[in-house]
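Have a look at the structure below before the remarks.
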Amino acid sequence: MKFSFDHLVWFQHKPENTIQPLSEHGIHVIEGGRHESWGTYNTLSYFGLSYIEFLGIERLEIAEQHEENKLITQIVQQLEKENREGPAKIAIRTDRINDLATKLKQDGFTVFGPLPGQRVTAAGDVISWSLLFIEDQPNQLSLPFFIQWKKSDKERLSAFQEQGMLGRHSGENSNFESVGFVVRDLKETIKTWGRFLDISPSEEFRDDVLHARCQRLELPGTNLLFCTPIGDGPAEKVLHERGETPFLINLTQTNQSCFFEILNGYWRYQ
-5 MKFSFDHLVW FQHKPENTIQ PLSEHGIHVI EGGRHESWGT YNTLSYFGLS
45 YIEFLGIERL EIAEQHEENK LITQIVQQLE KENREGPAKI AIRTDRINDL
95 ATKLKQDGFT VFGPLPGQRV TAAGDVISWS LLFIEDQPNQ LSLPFFIQWK
145 KSDKERLSAF QEQGMLGRHS GENSNFESVG FVVRDLKETI KTWGRFLDIS
195 PSEEFRDDVL HARCQRLELP GTNLLFCTPI GDGPAEKVLH ERGETPFLIN
245 LTQTNQSCFF EILNGYWRYQ
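The opening position of the sequence shown corresponds to residue -5 in the numbering used here, with each subsequent residue numbered one higher.
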(Lines of atoms letter the chains of each structure in order from A and count residues from 1; the text may use other names and numbers.)
(Lines give C-alpha, C1' and ligand atoms only; values in the text may rest on other atoms or scores of the structure.)
Protein backbone atom coordinates (compact mmCIF):
# COMPACT_ATOMS: atom_id res chain seq x y z
CA MET A 1 0.00 0.00 0.00
CA LYS A 2 1.47 3.33 -1.09
CA PHE A 3 1.41 6.44 1.11
CA SER A 4 2.47 9.99 0.17
CA PHE A 5 1.97 13.32 1.88
CA ASP A 6 -0.90 15.16 0.22
CA HIS A 7 -1.71 18.39 2.04
CA LEU A 8 -1.92 20.36 5.25
CA VAL A 9 -5.32 21.83 6.14
CA TRP A 10 -5.10 25.29 7.72
CA PHE A 11 -8.34 26.65 9.19
CA GLN A 12 -8.97 30.30 8.29
CA HIS A 13 -12.11 32.40 8.73
CA LYS A 14 -11.52 34.06 5.36
CA PRO A 15 -9.15 31.96 3.21
CA GLU A 16 -8.93 34.77 0.65
CA ASN A 17 -7.19 36.90 3.29
CA THR A 18 -4.13 34.61 3.16
CA ILE A 19 -3.20 35.64 -0.38
CA GLN A 20 -1.74 39.09 0.29
CA PRO A 21 0.21 38.49 3.56
CA LEU A 22 1.78 35.29 2.26
CA SER A 23 2.70 36.90 -1.06
CA GLU A 24 4.70 39.45 0.96
CA HIS A 25 6.71 36.49 2.27
CA GLY A 26 7.19 35.01 -1.20
CA ILE A 27 4.45 32.36 -0.99
CA HIS A 28 2.06 32.09 -3.94
CA VAL A 29 -1.57 31.37 -2.95
CA ILE A 30 -4.41 30.91 -5.43
CA GLU A 31 -8.18 30.82 -5.19
CA GLY A 32 -9.35 27.23 -4.85
CA GLY A 33 -13.09 26.74 -4.97
CA ARG A 34 -16.16 25.60 -3.07
CA HIS A 35 -17.17 22.30 -1.46
CA GLU A 36 -20.86 23.00 -1.94
CA SER A 37 -22.13 19.91 -0.11
CA TRP A 38 -19.90 20.68 2.91
CA GLY A 39 -20.46 24.44 3.16
CA THR A 40 -16.73 25.22 2.93
CA TYR A 41 -14.33 26.94 0.51
CA ASN A 42 -10.56 27.35 0.18
CA THR A 43 -7.41 28.93 -1.17
CA LEU A 44 -4.37 26.80 -2.05
CA SER A 45 -0.59 26.99 -2.15
CA TYR A 46 1.16 24.28 -4.19
CA PHE A 47 4.67 22.82 -3.88
CA GLY A 48 4.49 20.10 -6.51
CA LEU A 49 1.82 17.62 -5.42
CA SER A 50 2.22 18.67 -1.77
CA TYR A 51 0.18 21.71 -0.84
CA ILE A 52 -1.38 23.82 1.89
CA GLU A 53 -5.15 24.25 1.92
CA PHE A 54 -6.53 27.31 3.71
CA LEU A 55 -10.07 26.19 4.54
CA GLY A 56 -12.98 28.33 5.71
CA ILE A 57 -16.69 27.94 6.38
CA GLU A 58 -18.95 29.57 3.81
CA ARG A 59 -22.33 28.17 4.93
CA LEU A 60 -22.38 27.09 8.56
CA GLU A 61 -25.88 25.61 8.33
CA ILE A 62 -24.57 23.06 5.79
CA ALA A 63 -21.27 22.36 7.57
CA GLU A 64 -23.06 21.65 10.86
CA GLN A 65 -25.03 18.80 9.25
CA HIS A 66 -21.96 16.59 8.75
CA GLU A 67 -21.01 13.83 11.18
CA GLU A 68 -18.86 11.30 9.30
CA ASN A 69 -16.63 13.88 7.59
CA LYS A 70 -14.37 14.53 10.57
CA LEU A 71 -12.57 17.40 8.86
CA ILE A 72 -15.85 19.32 8.69
CA THR A 73 -16.84 18.47 12.27
CA GLN A 74 -13.37 19.63 13.36
CA ILE A 75 -13.54 22.95 11.52
CA VAL A 76 -17.01 23.69 12.93
CA GLN A 77 -15.74 23.00 16.45
CA GLN A 78 -12.34 24.66 16.18
CA LEU A 79 -13.03 27.61 13.89
CA GLU A 80 -16.65 28.48 14.57
CA LYS A 81 -17.05 27.51 18.25
CA GLU A 82 -13.50 28.05 19.56
CA ASN A 83 -12.43 30.79 17.12
CA ARG A 84 -9.03 29.10 16.54
CA GLU A 85 -7.36 29.68 13.20
CA GLY A 86 -4.16 27.95 12.10
CA PRO A 87 -2.73 24.58 11.00
CA ALA A 88 -5.18 21.82 11.92
CA LYS A 89 -4.90 18.45 10.15
CA ILE A 90 -2.98 16.66 7.39
CA ALA A 91 -4.09 14.44 4.52
CA ILE A 92 -2.13 11.39 3.37
CA ARG A 93 -2.54 10.24 -0.23
CA THR A 94 -3.11 6.55 -0.95
CA ASP A 95 -3.83 4.43 -4.00
CA ARG A 96 -5.93 1.76 -2.20
CA ILE A 97 -8.34 3.55 0.08
CA ASN A 98 -10.85 0.69 0.36
CA ASP A 99 -8.15 -1.80 1.36
CA LEU A 100 -6.81 0.75 3.84
CA ALA A 101 -10.24 1.10 5.47
CA THR A 102 -10.39 -2.66 5.96
CA LYS A 103 -6.87 -2.81 7.41
CA LEU A 104 -7.44 0.05 9.85
CA LYS A 105 -10.61 -1.61 11.14
CA GLN A 106 -8.70 -4.87 11.60
CA ASP A 107 -6.04 -2.94 13.55
CA GLY A 108 -8.68 -1.64 15.95
CA PHE A 109 -9.20 1.89 14.62
CA THR A 110 -12.69 3.40 14.27
CA VAL A 111 -12.98 4.68 10.71
CA PHE A 112 -15.46 6.74 8.71
CA GLY A 113 -15.67 6.27 4.98
CA PRO A 114 -14.48 6.13 2.29
CA LEU A 115 -16.65 9.18 1.58
CA PRO A 116 -16.98 10.95 -1.78
CA GLY A 117 -15.74 14.52 -2.08
CA GLN A 118 -15.61 17.17 -4.76
CA ARG A 119 -14.72 20.81 -5.29
CA VAL A 120 -16.00 23.22 -7.91
CA THR A 121 -13.11 25.45 -9.00
CA ALA A 122 -13.34 29.16 -9.74
CA ALA A 123 -13.35 28.18 -13.43
CA GLY A 124 -16.30 25.84 -12.90
CA ASP A 125 -14.37 22.56 -13.17
CA VAL A 126 -15.28 19.69 -10.84
CA ILE A 127 -12.44 17.88 -9.04
CA SER A 128 -13.32 14.57 -7.32
CA TRP A 129 -11.78 12.31 -4.66
CA SER A 130 -12.54 9.86 -1.83
CA LEU A 131 -11.78 10.44 1.88
CA LEU A 132 -11.21 8.15 4.86
CA PHE A 133 -11.15 9.36 8.46
CA ILE A 134 -9.92 7.86 11.73
CA GLU A 135 -11.70 8.77 14.95
CA ASP A 136 -9.61 11.12 17.10
CA GLN A 137 -9.08 10.77 20.83
CA PRO A 138 -9.92 13.76 23.07
CA ASN A 139 -7.06 16.17 23.83
CA GLN A 140 -4.65 14.35 21.51
CA LEU A 141 -3.08 15.24 18.18
CA SER A 142 -5.67 15.00 15.41
CA LEU A 143 -4.88 11.94 13.30
CA PRO A 144 -4.38 12.32 9.55
CA PHE A 145 -7.13 11.54 7.10
CA PHE A 146 -6.56 9.72 3.84
CA ILE A 147 -7.39 10.79 0.31
CA GLN A 148 -7.51 9.02 -3.04
CA TRP A 149 -7.86 11.31 -6.04
CA LYS A 150 -9.91 10.33 -9.06
CA LYS A 151 -6.99 11.28 -11.32
CA SER A 152 -3.47 9.85 -11.10
CA ASP A 153 -0.51 11.77 -9.67
CA LYS A 154 0.89 12.17 -13.17
CA GLU A 155 -2.38 13.59 -14.52
CA ARG A 156 -2.76 15.99 -11.61
CA LEU A 157 0.83 17.26 -11.83
CA SER A 158 0.47 17.80 -15.57
CA ALA A 159 -2.73 19.79 -14.98
CA PHE A 160 -1.03 21.94 -12.32
CA GLN A 161 1.79 22.73 -14.76
CA GLU A 162 -0.62 23.57 -17.59
CA GLN A 163 -2.57 25.90 -15.30
CA GLY A 164 0.59 27.69 -14.15
CA MET A 165 0.12 26.74 -10.51
CA LEU A 166 3.70 25.59 -9.85
CA GLY A 167 7.01 27.41 -9.42
CA ARG A 168 5.44 30.78 -8.67
CA HIS A 169 6.86 31.31 -5.18
CA SER A 170 9.70 33.83 -4.85
CA GLY A 171 12.04 30.86 -4.47
CA GLU A 172 10.93 29.06 -7.63
CA ASN A 173 12.29 25.73 -6.44
CA SER A 174 10.88 26.03 -2.91
CA ASN A 175 10.23 22.61 -1.43
CA PHE A 176 7.69 21.79 1.29
CA GLU A 177 10.24 19.73 3.23
CA SER A 178 8.21 18.94 6.37
CA VAL A 179 5.24 19.86 8.51
CA GLY A 180 5.90 20.10 12.24
CA PHE A 181 3.60 18.90 15.02
CA VAL A 182 3.93 19.75 18.71
CA VAL A 183 3.11 16.82 21.03
CA ARG A 184 3.36 16.01 24.73
CA ASP A 185 4.71 12.47 24.39
CA LEU A 186 7.14 12.17 21.47
CA LYS A 187 7.77 8.43 21.89
CA GLU A 188 4.11 7.43 22.06
CA THR A 189 2.99 9.69 19.19
CA ILE A 190 5.75 8.46 16.87
CA LYS A 191 4.82 4.89 17.74
CA THR A 192 1.12 5.42 16.93
CA TRP A 193 1.63 7.30 13.67
CA GLY A 194 4.44 5.01 12.56
CA ARG A 195 2.23 1.98 13.10
CA PHE A 196 -0.60 2.91 10.79
CA LEU A 197 1.69 4.48 8.18
CA ASP A 198 4.12 1.52 8.44
CA ILE A 199 7.13 3.86 8.75
CA SER A 200 10.12 3.62 11.09
CA PRO A 201 11.08 6.97 12.69
CA SER A 202 14.40 8.76 12.39
CA GLU A 203 16.77 9.11 15.32
CA GLU A 204 15.74 11.68 17.91
CA PHE A 205 17.48 15.06 17.66
CA ARG A 206 17.35 18.48 19.31
CA ASP A 207 16.01 21.52 17.47
CA ASP A 208 17.46 24.62 19.12
CA VAL A 209 15.17 27.03 17.25
CA LEU A 210 12.04 25.28 18.47
CA HIS A 211 13.57 24.32 21.84
CA ALA A 212 12.32 20.79 21.37
CA ARG A 213 13.24 17.13 21.03
CA CYS A 214 12.17 15.96 17.57
CA GLN A 215 11.84 12.89 15.35
CA ARG A 216 10.80 12.49 11.72
CA LEU A 217 8.61 10.11 9.79
CA GLU A 218 9.77 10.32 6.18
CA LEU A 219 7.00 10.34 3.59
CA PRO A 220 7.26 10.86 -0.18
CA GLY A 221 6.48 14.51 -0.86
CA THR A 222 6.74 16.02 2.61
CA ASN A 223 8.08 14.62 5.89
CA LEU A 224 6.33 14.67 9.27
CA LEU A 225 8.29 16.26 12.12
CA PHE A 226 7.13 15.60 15.70
CA CYS A 227 8.41 17.80 18.52
CA THR A 228 8.16 17.79 22.32
CA PRO A 229 9.21 21.03 24.10
CA ILE A 230 12.24 21.02 26.38
CA GLY A 231 11.91 24.61 27.57
CA ASP A 232 10.48 28.00 26.69
CA GLY A 233 10.23 28.54 22.95
CA PRO A 234 7.84 28.28 19.98
CA ALA A 235 6.93 24.63 20.60
CA GLU A 236 6.14 25.21 24.29
CA LYS A 237 4.11 28.34 23.43
CA VAL A 238 1.92 26.48 20.93
CA LEU A 239 1.44 23.45 23.19
CA HIS A 240 0.40 25.69 26.07
CA GLU A 241 -1.98 27.83 24.01
CA ARG A 242 -3.44 25.32 21.54
CA GLY A 243 -2.53 21.81 22.66
CA GLU A 244 -1.20 19.12 20.34
CA THR A 245 -1.42 20.37 16.76
CA PRO A 246 0.43 20.98 13.51
CA PHE A 247 2.26 24.30 13.94
CA LEU A 248 5.24 24.58 11.58
CA ILE A 249 5.96 24.71 7.85
CA ASN A 250 9.56 23.90 6.89
CA LEU A 251 10.49 25.10 3.39
CA THR A 252 13.85 24.40 1.74
CA GLN A 253 15.52 25.79 -1.41
CA THR A 254 13.97 29.21 -0.68
CA ASN A 255 17.19 31.21 -1.30
CA GLN A 256 16.93 32.66 2.21
CA SER A 257 17.12 31.70 5.88
CA CYS A 258 14.48 32.93 8.34
CA PHE A 259 11.96 31.89 10.96
CA PHE A 260 8.74 33.80 11.56
CA GLU A 261 5.12 33.55 12.71
CA ILE A 262 2.17 34.53 10.51
CA LEU A 263 -1.51 33.51 10.29
CA ASN A 264 -1.22 31.69 13.64
CA GLY A 265 1.51 29.33 12.43
CA TYR A 266 5.31 29.23 12.21
CA TRP A 267 7.33 29.17 8.98
CA ARG A 268 11.00 28.28 8.56
CA TYR A 269 12.81 29.06 5.31
CA GLN A 270 16.12 27.38 4.53
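Here a beta-carbon is modelled for each residue, glycine too, at the ideal position from N, C-alpha and C. Bear in mind the structure is a predicted one, so any value in this text is a computation, not a measurement.
| Item | Value |
| --- | --- |
| Using 9 Å as the threshold, is the C-beta distance between glutamate 166 and glutamine 264 below it? | no |
| Counting only runs that start and end within the stretch 101 to 183, where is the beta strand (DSSP E) found for 3 or more residues in a row? | 105 to 115, 120 to 128, 139 to 143, 169 to 176 |
| Rank Lys181, Leu242, Leu38 by C-alpha distance to the C-alpha of proline 195 and give the top, closest one. | Lys181 |
| Have a look at Gly20, Glu10, Leu151, Asp179 and flag the residue whose alpha-carbon is nearest the alpha-carbon of aspartate 0. | Leu151 |
| Quick one: what's got a C-beta closer than 7 Å to aspartate 147's C-beta in the same chain, skipping five residues either side? | Leu43 |
| Can you give me the Cβ contacts of glycine 225 inside the same chain, cut-off strictly under 7 Å, excluding the 5 residues immediately before and after it? | His205 |
| Valine 177: which of Glu212, Gly227, Val232, Gly158 sits nearest, CA to CA? | Val232 |
| How would you write the range of the alpha helix (DSSP H) that isoleucine 21 sits in, first residue to last? | Segment: none, isoleucine 21 is in no alpha helix (DSSP H) and carries neither H nor E. |
| From threonine 248 to leucine 219, what distance separates their C-alpha atoms? | 19 Å |
| By a C-beta neighbour count over all protein chains shown, 10 Å radius and 16 as the cutoff for buried, is serine 79 buried or exposed? | Before going on, a small fix: residue 79 reads as glutamate here, not serine. With 16 or more other Cβ atoms within 10 Å, it is buried. |
| I need the straight-line Cα distance from glutamine 209 to isoleucine 46, nearest angstrom please. | 22 Å |
| Given that a residue counts as buried once 16 or more other Cβ atoms are within 10 Å of its Cβ, and exposed if not, what is glutamate 265? | In the structure displayed, the chain extends from -5 to 264; residue 265 sits before or after that span and is not available. |
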